[in-house]
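Peer 1: Here you go, one structure.
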C-alpha cells in the first residue's frame, strides 16, 4: 500500500472507477442567497458526479426576525444555523447521488455570497444564538444585499476622499454599503451593546470554514474586495477614529486575522463536521472564497481579459488582467484576488434575476397564468416566449435596472428602478423584455468602464442560473457586441470551490493547472447579430441618458423619495 496520501497520488487513467482503484473526488459547497448546493467532483477531469441542494429554512429576513421583531427598509439578514444545515443535508445527499464512497473524498471547498458578514464571540458563536439576543437585528448575519448602511458607506467614502486615502482608488473611488466596514460602523452607531459584545467580525465565507476545520483564517478574496485590505494594510486607526472615535480599534480588536491564500489549506476536517457531512475526518478543508470569484477558473477563465458574469439574483462580473488601472465604480481590484500573478477586478449589478422575479410576482396577470399553464410553461418561460417574437425597439420602452440599487458603476444603493414609455397598449411581455434589456445595458456600461480605463475585455463568459434563458443570452450578445461563452456546468461556483479543494489537497500545484483539467465552458455559443446590435446601440444611448440624469446628480428625485419613505417608516 502506498504511503502517499490518496489526494497526492497521480490520477488514474482508467475511464471508470474500480473497487480496488477508486478515483479521488472533492466536494464543493456553494452558499447562495436562498440555498446551499453541494457537488461531488472527480479530481481527474472535473466530472460532476452528484449534486444536492438544501433550501435555507429562514430564507432572507427582510421584513422581520424569526421572533416577529420588525425590520426597517433595506435590511437583509440571515440565520447562521441555516448554513450548517446545508452541510448536514446537501453534502450527504450529493455523496449518495454520486455513488461515491466517503473515503474517496480528499477535500472540501466552499464559497459564499459576499459581503455576507456576522458578529461572533471569540470561539465563533454567532451573537444571535446567545440568550437575550434573538430579537436584536444587529446580532444576525448581514447578507450581501443588506443596504441599510448606505449612510455609513457615504461617510467612509467622503472622508477617504478628503484625506486622499491611497486605498480608495482601488475601489473605483466609492465604498459600497454592502461591505465590511460600512456594516460594522452601522452596528456601532445603532446598537453599541452588540458592537461591544462582538469579539470577531467575520465573513460568512470564513465562518463556515471555521466550523469545518476549527481554524479561523480570513480568505484573501473577501479581505481584499470587501475589507479594504490593500498592500497588506487595512484603513488606518487614525482614519477610523475620524469616522467615529469608537471605531478606532475596529481592525485589531474585531477584524484582523491571518490571511489564507485562495486554494490554500485551512486545516483538516474536524470530527464534528465529519459527522455532519459524512466525510472522513482530517481531509483537506480549503480556505474560503467568494461565489463569483471562484467561478472564473471553473469557466476556464484563467487568461487576462476573460470576463465572467455570474448571473443569478444579481450579477457579479469578475476578470483577471495583467494591467492595473483605476476603473471608476469597480467593487475592487486586488493583486491575486482571483488568480495568482494577475490583478483581479470585480464589478456587479445588485439586481438581475431578482428584478425579473419581482415583475413575475407583481405584473403577471391571471389570464397569462392560465395560458402559460395550458402550454406547460412557468411564468418566466411564457413571458420569454412572447417577448422573443418582438423586434428590437418594438415595445417602445427603456428601463433602468436599479430596483436593488446600483453597484457598478455608480455604487449607490439608494437609486431605484425606472420604466419610460409605458402606454395603455403596453403588455406584460413588453415590460419583461425591457427589463431583460436593461440588465444587458447595465453590463455594457460596466464593460465600457473597463475599456475606457485601459483594461481590455476580450471575451465574455456567462455562468449562473440565467444561462438557461436563450433570449436573455442573445440579448446580451447583441447589446455588448461580443460573442458569449457559457460555462459548461450548472453549478459553477460549487465546481470552482471543489477545484480549489483539489489544489488545497495537493492534487494540482495551482488553480490554473486545476482549471485546465477540471474547468469547462463552451465558447462563442451566442454570436451578436449586426442588425440587432445597431438597433440596440440606439436604445443604449437612451439608457445612458437616463443613467446619467438620475444617477449622477442632475435629478435627485430617487434619493428624495428614499428619504421620504424612511421618514414615514420611522414615524409609523
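Residue numbers (this note's numbering): 96 to 667. Beta carbons are placed, not taken as given, at the ideal position from N, Cα and C, and that holds for glycine. From a predicted model like this one, the values you see are computed outputs, not experimental measurements.
1. Label residue 253 either buried or exposed according to how many other C-beta atoms from any shown protein chain fall within 10 Å of its C-beta, with 16 as the threshold for buried.
2. Please report the straight-line C-alpha distance between residue 651 and residue 663, rounded to a whole angstrom.
3. By the DSSP assignment, the alpha helix (DSSP H) with residue 302 in it spans what residues?
4. Determine contact between the stretch 373-381 and the stretch 594-605, defined as no fewer than three beta-carbon pairs at a distance below 8 Å.
5. May I ask you to report which of helix, strand or coil DSSP gives residue 447?
6. Beta carbon of residue 94, beta carbon of residue 339: below 7 Å?
7. Among all the DSSP beta bridges, which residues are the ones paired with residue 206?
8. Could you give the DSSP three-state label for residue 269: helix, strand or coil?
9. Return the Cβ separation of residue 602 and residue 251 in integer angstroms, given the expectation that the two are a contact with Cβ distance under 8 Å.
10. Curious, which full-length alpha helix (DSSP H) runs of at least 4 residues does the stretch 543-604 contain?
11. Quick check on the burial criterion: 16 or more other C-beta atoms within 10 angstroms. Buried or exposed for residue 226?
12. What are the start and end residues of the beta strand (DSSP E) that includes residue 281?
13. When you compare the CB positions of residue 277 and residue 247, do they come within less than 7 Å of one another, or not?
14. Could you check which residue in 465, 505 and 526 has the C-alpha nearest to that of residue 454?
15. Let me confirm a value: residue 281 is counted as buried when at least 16 other C-beta atoms fall within 10 Å, else exposed. Which label applies?
16. Would you say residue 195 and residue 120 are within 7 Å of each other, going by their C-beta atoms?
17. Are the stretch 179-189 and the stretch 259-267 touching by the rule of at least three beta carbon pairs closer than 8 Å?
18. Over what stretch of residues does the beta strand (DSSP E) that includes residue 381 continue unbroken?
19. How big is the Cα-Cα spacing for residue 359 and residue 336?
20. If you reduce the DSSP assignment to three classes, tell me which class residue 349 lands in.
21. Identify every residue that forms a DSSP beta bridge with residue 237.
22. Report the rounded CA-to-CA distance for residue 552 versus residue 408, giving the unit in angstroms.
23. Just how far apart, CA to CA, sit residue 538 and residue 444?
24. Alpha carbon to alpha carbon, what distance is there between residue 576 and residue 619?
25. In the DSSP assignment, find the unbroken alpha helix (DSSP H) run with residue 390 in it and report its ends.
26. What is the DSSP secondary structure of residue 495, reduced to helix, strand or coil?
27. Residue 262 by DSSP, collapsed to three states: which one?
28. I'd like to know if the stretch 292-302 and the stretch 209-216 are in contact, where contact means that at least 3 CB-CB pairs between them fall below 8 Å.
29. In chain order, what residues of the same chain have a beta carbon less than 8 Å from the beta carbon of residue 464, not counting five sequence neighbours either side?
30. Go ahead and pull the three-state DSSP assignment for residue 638.
31. Does the beta-carbon distance from residue 197 to residue 307 come in below 7 Å?
32. Thinking C-alpha only, which one of 625, 656 and 589 is nearest residue 142?
33. Hey, would you say residue 147 sits closer than 7 Å to residue 193, going by beta carbons?
34. Look up residue 410 in the DSSP assignment and say whether it is helix, strand or coil.
35. Please identify the residue among 128, 461, 271 and 425 whose C-alpha is closest to the C-alpha of residue 238.
36. The beta strand (DSSP E) spanning residue 616 covers which residue range?
Peer 2: Let me spell this out:
1. By one-based count along the chain shown, residue 253 stands at place 158. By the 10 Å Cβ count, residue 253 comes out exposed.
2. Sequence index remark: in the chain shown, residue 651 carries index 556 (1-based). Sequence index remark: in the chain shown, residue 663 carries index 568 (1-based). Roughly 19 Å separates the two Cα atoms.
3. As a first step, residue 302 is located in the chain shown; it is residue number 207 there, counting from the start. DSSP places residue 302 in the uninterrupted alpha helix (DSSP H) bounded by 299-308.
4. The stretch 373-381 vs the stretch 594-605: in contact.
5. Sequence index remark: in the chain shown, residue 447 carries index 352 (1-based). If DSSP states are grouped into helix, strand and coil, residue 447 belongs with coil.
6. Residue 94 cannot be examined here, being either before or after the span of the chain that is shown, 96 to 667.
7. Position 111 of the chain shown, counted from the first residue, corresponds to residue 206. Beta bridge pairing from DSSP links residue 206 with 125.
8. By 1-based counting over the chain shown, the position of residue 269 is 174. In this structure, residue 269 counts as coil in the three-state DSSP scheme.
9. Residue 602 sits at position 507 when you count from the first residue of the chain shown. Residue 251 sits at position 156 when you count from the first residue of the chain shown. Contact doesn't hold; Cβ gap of about 41 Å is too wide.
10. Listed in chain order, the complete alpha helix (DSSP H) runs (minimum 4 residues) inside the stretch 543-604 are 565-575 and 587-599.
11. What you label residue 226 is simply residue 131 of the chain shown in a count that begins at 1. Exposed.
12. Position 186 of the chain shown, counted from the first residue, corresponds to residue 281. Residue 281 -> not in any beta strand (DSSP E); alpha helix (DSSP H) instead, spanning 275-285.
13. One-based indexing of the chain shown puts residue 277 at position 182. One-based indexing of the chain shown puts residue 247 at position 152. The answer is yes: Cβ separation under 7 Å.
14. By one-based count along the chain shown, residue 454 stands at place 359. Minimum Cα-Cα distance from residue 454 among the listed residues 465, 505 and 526 corresponds to 526.
15. Translated into positions along the chain shown, residue 281 becomes position 186. Under the 10 Å beta carbon count, residue 281 is surrounded by 16 or more other beta carbons and is classified as buried.
16. Here residue 195 refers to the residue found at position 100 of the chain shown. Here residue 120 refers to the residue found at position 25 of the chain shown. A Cβ-Cβ contact shorter than 7 Å links residue 195 with residue 120.
17. No contact exists between the stretch 179-189 and the stretch 259-267.
18. Locating residue 381 in the chain shown gives position 286, where the first residue counts as 1. 379-381 is the span of the beta strand (DSSP E), which, as asked, contains residue 381.
19. What you label residue 359 is simply residue 264 of the chain shown in a count that begins at 1. What you label residue 336 is simply residue 241 of the chain shown in a count that begins at 1. Those two C-alpha atoms are separated by around 34 Å.
20. Within the chain shown, numbered from 1, the residue matching residue 349 stands at position 254. Residue state, collapsed to three classes: helix.
21. Within the chain shown, numbered from 1, the residue matching residue 237 stands at position 142. 172 and 212, per the DSSP bridge assignment.
22. Here residue 552 refers to the residue found at position 457 when the chain shown is read from its first residue. Here residue 408 refers to the residue found at position 313 when the chain shown is read from its first residue. The alpha-carbon of residue 552 is positioned some 24 Å away from that of residue 408.
23. Position 443 of the chain shown, counted from the first residue, corresponds to residue 538. Position 349 of the chain shown, counted from the first residue, corresponds to residue 444. The alpha-carbon atoms of residue 538 and residue 444 are separated by roughly 8 Å.
24. Here residue 619 corresponds to residue number 524 of the chain shown, with the count starting at 1. Here residue 576 corresponds to residue number 481 of the chain shown, with the count starting at 1. Straight-line Cα distance between these residues: approximately 12 Å.
25. Taking the first residue of the chain shown as 1, we reach residue 390 at position 295. Annotation: the continuous alpha helix (DSSP H) that includes residue 390 extends over 386-393.
26. As a working mapping, residue 495 is identified with position 400 in the chain shown. In the displayed model, residue 495 falls within a strand according to three-state DSSP.
27. Your numbering for residue 262 matches position 167 in the chain shown. In this structure, residue 262 counts as coil in the three-state DSSP scheme.
28. Yes, the stretch 292-302 is in contact with the stretch 209-216.
29. By one-based count along the chain shown, residue 464 stands at place 369. The answer, listed in chain order, is 474.
30. Here the question's residue 638 lines up with position 543 in the chain shown. Note: residue 638 maps to helix in three-state DSSP.
31. Position 102 of the chain shown holds residue 197. Position 212 of the chain shown holds residue 307. Not in contact: residue 197 and residue 307 (Cβ atoms no closer than 7 Å).
32. Here residue 142 corresponds to residue number 47 of the chain shown, with the count starting at 1. The candidate whose alpha carbon is nearest that of residue 142 is 589.
33. Within the chain shown, numbered from 1, the residue matching residue 147 stands at position 52. Within the chain shown, numbered from 1, the residue matching residue 193 stands at position 98. Their beta carbons are not under 7 Å apart, which means residue 147 does not touch residue 193 by this criterion.
34. Taking the chain shown and counting its residues from 1, one reaches residue 410 at position 315. Assignment of residue 410 by DSSP, reduced to helix, strand and coil, places it in the strand class.
35. Walking along the chain shown from the start, residue 238 turns up at place 143. Sorting 128, 461, 271 and 425 by C-alpha distance to the C-alpha of residue 238 places 128 at the top.
36. Along the chain shown, read from residue 1 onward, the residue named residue 616 stands at position 521. Annotation for residue 616: the continuous beta strand (DSSP E) segment containing it runs 616-621.
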